[in-house]
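Numbering (my numbering), first residue to last: 4 to 141.
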């Protein structure tokens, strides 16, 4: 009898531990998206400063074309696309109970893709910054 009670206790503890791990995993995913959102906010602001900087450079130095503003504007479009994708991920999460099972794989792929895009957005902003600095100190 004691073995049965002990087995039930172990099963209950195991189930609680699995539930805690699932909750930690879910919280971790939410935190990742929250941190990406904060990074993207900073990239948006910095990119807007770069747009103003490129515009200012074109007005100060007549040899620099105003068409160079297209560089940070393209980067801004990329950042907006990433924000849209993150919004779609959050929208999926908000309606997760109503989603079809086939959509789970697509959402998982979307999360992986947006993670790569987020890294690329940091690199693209760095490239835009280096381009700006090149024209600034030319």
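Just so you know, even glycine gets a beta-carbon here, dropped at the ideal spot from N, CA and C.
query                                                                                                                  : result
Residue interval of the alpha helix (DSSP H) (run including residue 64)                                                : Per DSSP, residue 64 belongs to no alpha helix (DSSP H) and is neither H nor E.
Rounded separation between residue 83 and residue 20 - CA only                                                         : 39 Å
Best match in 75, 91, 35 for proximity to residue 128 [C-alpha to C-alpha]                                             : 75
The region 116–125 in contact with the region 58–74 per 3-pair CB rule at 8 Å                                          : no
Residues near residue 72 by beta carbon distance below 8 Å, same chain, minus five either side                         : 54, 57, 58, 61
Reference residue 88, options 9, 102, 114, closest by Cα                                                               : 114
Element boundaries [alpha helix (DSSP H), containing residue 95]                                                       : 73–97
Run of the alpha helix (DSSP H) containing residue 112, from where it starts to where it stops                         : 104–139
Residue ranges of each alpha helix (DSSP H) within the region 4–35, 4 or longer                                        : none
Beta-carbon proximity list for residue 79, same chain, < 8 Å, skipping 5 on both sides                                 : 47, 50, 51, 54
Local Cβ density within 10 Å of residue 39, reported as buried at 16 or more and exposed below that                    : buried
C-beta contact flag for residue 99 and residue 117 at 8 Å                                                              : no
Close-in-space but distant-in-sequence residues of the same chain around residue 41 (CB under 7 Å, 5 per side omitted) : none
Close Cβ partners of residue 138 (< 6 Å) along its chain, the five nearest in sequence each way excluded               : 60, 67
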